[in-house]
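FYI, the numbering used here numbers position 99 of the sequence shown as 377, with every residue one higher than the one before it.
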Amino acid sequence: MCARYTMLTIEEVREVVTAVERGEVLRRLVAGTPRAQAFPGSRVPAISGQPGALRVDEPLWGFEVEWSKQPVFNTRIESALGGSAIWREAMETGRCIVPAAAFFEPHRSEKAISPRTGKPVKRPYAFESPDGEALLMAGVQAHGRCSVVTCEPNAHVAPVHPRMPLLLHAHEAPIWLEGNAADLAGLADRSTLQLSARAELDAAAPTHSPEQLSLF
279 MCARYTMLTI EEVREVVTAV ERGEVLRRLV AGTPRAQAFP GSRVPAISGQ PGALRVDEPL
339 WGFEVEWSKQ PVFNTRIESA LGGSAIWREA METGRCIVPA AAFFEPHRSE KAISPRTGKP
399 VKRPYAFESP DGEALLMAGV QAHGRCSVVT CEPNAHVAPV HPRMPLLLHA HEAPIWLEGN
459 AADLAGLADR STLQLSARAE LDAAAPTHSP EQLSLF
């Protein structure tokens, strides 16, 4: 389950769009750049369209569903490819890329103190590209809302959490955006993707920064 990630700056999102359009390698992110944290309910940048005509939307993170008061913010790739009614429309017409600097997962057993409640909670781990590049999370969107697609964890994430975002290499982005079912199934295995993991000292509390409100 991915319920928190670090967003890119406006300029970095534009650079990702340009790199995907041109089929270029992603640039290294500048360390120390102030970045907003995204949580379910945040308005987040999502890249969609076809190479040559990509656009950036700002959907709310989390789908509304009848059977839950809480938004559904993760989409299992197995369910999406299996024709789940919840995701059918979004998979057919709303595949997108959610760019991030890092994503966070709660550890299975390690604890940290919540700064909001002062009580112990599962310690979050931050996962980043070891090369310092942006992470391209597969996503789906429809009706102004989006969800991050998840898959089986690779060796870097598995000791911490049983799921991870489906992360795309830059050259795989066009496949996710416009590929067929067979192409998409081939993206589900992330075993060779490299990540660096870092334990957080404290558990972050959801906050909504003014930087999150508008991409342009």
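Positions of the beta carbon are idealized from the N, C-alpha and C atoms, including for glycine.
Between E478 and A390, the gap from beta carbon to beta carbon is short of 8 Å. Proximity to H421 across D335, I453, M415 and L413 peaks at D335, based on C-alpha coordinates. Annotated three-state conformation of P337 is coil, per DSSP. Relative to the Cα of C424, the nearest Cα in the group P323, Q472 and S474 belongs to P323. Put simply, the segment 379–394 does not touch the segment 346–362. Fewer than three CB pairs are less than 8 Å apart. A residue is called buried once 16 or more other Cβ atoms fall within 10 Å of its Cβ, and E406 is buried on that count. The segment 309–321 makes contact with the segment 284–293: 3 or more CB pairs, one atom from each, lie closer than 8 Å. For the options Q419, S326, G372 and T470, the alpha carbon positioned closest to that of R292 is the one of S326. By the neighbour-count definition (other C-beta atoms within 10 Å, threshold 16), H439 is a buried residue. H447 and P329 have their C-alpha atoms spaced approximately 15 Å apart. Between R354 and T428, the CB-CB gap stays under 8 Å. Between A466 and the set A475, P402 and A416, the nearest pair of CA atoms involves A416.
Burial state of W345 is exposed, judged by a 10 Å Cβ sphere holding fewer than 16 other Cβ atoms. Residue burial is scored here from C-beta neighbours: S474 has fewer than 16 other C-beta atoms within 10 angstroms and is therefore classed as exposed. With 16 or more neighbouring CB atoms inside 10 Å of its own CB, P443 falls in the buried class. Contact annotation, G410 with R306: C-beta distance approximately 4 Å; criterion of less than 8 Å satisfied. Inside the segment 362–447, DSSP marks whole beta strand (DSSP E) runs of 3 or more residues at positions 373–378, 380–391, 398–406, 413–420 and 423–429, from first to last along the chain. By the CB criterion at 8 Å, R468 and Y403 fall outside the cutoff. When DSSP states are grouped into helix, strand and coil, P452 belongs to the helix group. Remark: C-beta atoms of P377 and V308 do not approach each other more closely than 8 Å. Here the alpha carbons of D461 and A331 stand approximately 21 Å from one another.
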